[in-house]
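Q:
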Amino acid sequence: MSISISDAQREFAPGVVFLNTASYGLAPRAGHEAMLASERDRAAGRLTTAMGDEAVARCRAAYAALIGVPPQRVAIGPQVAYFVGLVAASLPSGASVLVAEEDFTSVLFPFLARPDLTVRAVPLDKIAGAVDSAVDLVAVSAVQSADGRVAAMEDLIGAARAHGARIMLDATQAAGWLPLPADRVDLMVTGGYKWLLGPRGTAFLSGTEEALASLPAMAASWYSGADVWDSLYGPPLRLATNGRRLDLSPAWQSWLGHAPALELLQQVGVQAVHEHDLALANRFRAGLELPPGDSAIVSLPVPDGTAELLAEAGVVAAVRDGRLRCSFHLSNTAADVDRALELLAAPVAAAR
Ligand SMILES: Cc1ncc(COP(=O)(O)O)c(C=O)c1O
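At position 37 of the sequence shown (counting the first as 1) the number is 37 in full-length UniProt numbering, and the numbers step up by one without a gap.
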């Protein structure tokens, strides 16, 4: 079943004009209620492990459908850095990793924490051109957290193929609104609590069979067992052979709260969300006399105190790298954009 943007918008009831999905996503009603219900069930002693397992299966299936890979090639965990850590741990000593110097540290630090790797950081717009035969892995965000710039993914895929390098994309600021080449990169890691509208505590890793198999099951547990409920006690090691081999056991409430949100996004479809988010971001840009862009995140210079001024008027945005960062997603409307523009007219003029 597919649903329209306006039907999906009935699922949201923010108390503010919320332009801050790049920090965290708004919970749709069904997701919010599922999470609260799971806590009520826990307090009442009615929460069952089967509920958690079912929620994980729903999330894995919906995420896989959203990015266009089979669910067997998706692992679930709590945070992005855990999965990037597995990727870093898979590299032999002396391997060379190419990263974007502006990138979010959960993408960078797992590699930098290994002094035996060579990590080269270049500006994002130079990354595809910097791939050469010395590079083993390119690790980069599809969309930059600080300012919403979209990586030149096609150029990167072409360069990596030409030089035999692997690509690991971080899609935390992209999955849910941007169509992604998930089936054409080696590995992709996504945090669930932003554009995927989940609670904190869900993350996904997908990849090719070959790339997933090359990652060490460093935090193997009962939950990554071939048969979860037959993997609780004792040797031998008996891990799943698909993406589940890298699963961490789920924080139940997070996954219960995330399933309806992912299913909502799946019903609306990434293409429709993409058009909607970009149309709003570009309406905002036009109001600021900026040329159209390709991102759902707009970053602009403003005087100090502008975010606070917006917040006092009930408009929530973030400050990153000294600039105002406004994000436009499924729940937003043209009226949200116009309200922000109205409030920003004076500070933006002052900044110019
Ligand atoms: C690109 C990107 N990756 C990852 C994260 C979150 O990382 P973690 O799940 O390790 O906290 C963020 C949060 O802002 C992000 O913007």
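Don't be surprised by glycine CBs; every beta carbon is placed ideally from N, CA and C.
State the CB to CB distance for the pair V107 and A139, rounded to an integer number of angstroms; the pair is presumed to be in contact (CB under 8 angstroms).
A: Indeed they touch by this definition, with Cβ atoms about 6 angstroms apart.
Q: Quick check on M51: does DSSP put it in helix, strand or coil?
A: Helix.
Q: Do L300 and L310 have their CB atoms nearer than 8 angstroms?
A: Contact flag unset, no.
Q: Alpha carbon to alpha carbon, how far is A134 from D170?
A: Using only the alpha carbons, I get a separation of about 22 angstroms.
Q: Assign Y233 to buried or exposed, taking buried as 16 or more other Cβ atoms, counted over all protein chains shown, within 10 Å of its Cβ.
A: With fewer than 16 other Cβ atoms within 10 Å, it is exposed.
Q: Go through the region 264-318 residue by residue and report every complete run of the beta strand (DSSP E) that reaches 3 residues or more, in order.
A: Within the region 264-318, the complete beta strand (DSSP E) runs of at least 3 residues are 297-300.
Q: Opposite F18 in the DSSP bridges: which residues?
A: DSSP, once it has assigned bridges, lists V316 as partnering F18.
Q: Could you compute how far the alpha carbon of L343 sits from the alpha carbon of L324?
A: Their backbone Cα atoms lie some 13 angstroms apart in a straight line.
Q: Please tell me whether, using a cut-off of 7 angstroms, the distance from the CB of Q267 to the nearest non-hydrogen atom of ligand 1 is below it.
A: Because no heavy atom of ligand 1 lies under 7 angstroms away, the Cβ of Q267 does not count as near it: no.
Q: Report all residues from its chain with a CB closer than 6 angstroms to the CB of V302; omit the five preceding and five following residues, and keep chain order.
A: Result list for V302: L324, P347 and A351, in chain order.
Q: Classify M1: buried if its beta carbon has 16 or more other beta carbons within 10 angstroms, exposed otherwise.
A: Under this definition M1 is an exposed residue.
Q: Along the chain, where does the alpha helix (DSSP H) containing R162 start, and where does it finish?
A: The displayed chain sequence assigns Ala, not Arg, to residue 162. From DSSP, the alpha helix (DSSP H) with A162 extends over M153 to H163.
Q: Which residues mark the beginning and the end of the alpha helix (DSSP H) in which V337 is found?
A: Start and end: A334 to A351.
Q: Is it right to say R161 is buried, meaning 16 or more other beta carbons lie within 10 angstroms of its own, or is it exposed?
A: Flag for R161 reads exposed.
Q: Are there any heavy atoms of ligand 1 lying less than 7 angstroms away from the beta-carbon of A89, as far as the coordinates show?
A: Not under cutoff, so the answer is no.
Q: According to DSSP, simplified to helix, strand and coil, what is F109?
A: F109 falls in the helix class under three-state DSSP.
Q: Taking C-alpha atoms, which residue in G148, P115 and D103 lies nearest to I127?
A: Nearest C-alpha to I127: D103.
Q: With a 10 Å radius around its C-beta and 16 neighbouring C-beta atoms as the bar for buried, classify E312 as buried or exposed.
A: Exposed: under 16 other Cβ atoms inside 10 Å.
Q: Among residues of its own chain, excluding the 5 on either side of R339, which ones have a beta-carbon nearer than 7 angstroms to its beta-carbon?
A: Closer than 7 angstroms at the Cβ level, and outside the excluded window around R339, lie V17 and V315.
Q: What is the residue span of the alpha helix (DSSP H) that V84 lies within?
A: V80 to A89 is the span of the alpha helix (DSSP H), which, as asked, contains V84.
Q: What whole-angstrom Cβ distance do Q173 and A27 have, given they're in contact under 8 angstroms?
A: That belief does not hold up - the Cβ atoms of Q173 and A27 are roughly 18 angstroms apart, past 8 angstroms.
Q: When the Cα of G305 is compared with those of R285, L117, Q79 and G322, which residue comes out closest?
A: Among R285, L117, Q79 and G322, the Cα nearest to that of G305 is on G322.
Q: Return helix, strand or coil for S38, following the three-state DSSP convention.
A: Here S38 sits in helix by DSSP.
Q: For my contact list, S206 and I67 are in at a C-beta cut-off of 8 angstroms; report their separation, rounded to the angstrom.
A: S206 to I67, Cβ: 6 angstroms. Contact.
Q: Taking only the alpha-carbon atoms, compute the straight-line gap between D294 and A226 and give it to the nearest angstrom.
A: The straight-line gap from Cα to Cα measures roughly 42 angstroms.
Q: Confirm the yes/no value for this check: CB of T48, any heavy atom of ligand 1, distance under 7 angstroms.
A: False, no ligand heavy atom lies under 7 angstroms from that Cβ.
Q: Identify every residue that forms a DSSP beta bridge with F204.
A: I76 and T190.
Q: DSSP three-state call for L180: helix, strand or coil?
A: Three-state result, L180: coil.
Q: If we ignore side chains and look at the alpha-carbon of each, how far apart do A146 and W195 end up?
A: The straight-line gap from Cα to Cα measures roughly 15 angstroms.
Q: Does the distance from the CB of S254 to the CB of G201 come in under 8 angstroms?
A: Taking 8 angstroms as the Cβ cut-off, S254 and G201 qualify as a contacting pair.
Q: When burial is assigned at 16 or more other CB atoms within 10 Å of the CB, is S327 buried or exposed?
A: With 16 or more Cβ atoms within 10 Å of its Cβ, S327 is classed as buried.
Q: Which value, in whole angstroms, describes the spacing of the CA atoms of E39 and A219?
A: Cα to Cα, the separation comes out at about 27 angstroms.
Q: Given a threshold of 16 other Cβ atoms within 10 Å of its Cβ, counted over all protein chains shown, does E308 qualify as buried or as exposed?
A: It is exposed - the Cβ of E308 has fewer than 16 other Cβ atoms within 10 Å.
Q: If we require 3 or more residues per run, which beta strand (DSSP E) segments fall completely within the region 94-148?
A: For the region 94-148, whole beta strand (DSSP E) runs of length 3 or above, ordered along the chain, are 96-100, 118-122 and 137-141.
Q: Is S224 helix, strand or coil when you go by DSSP?
A: In this structure, S224 counts as helix in the three-state DSSP scheme.
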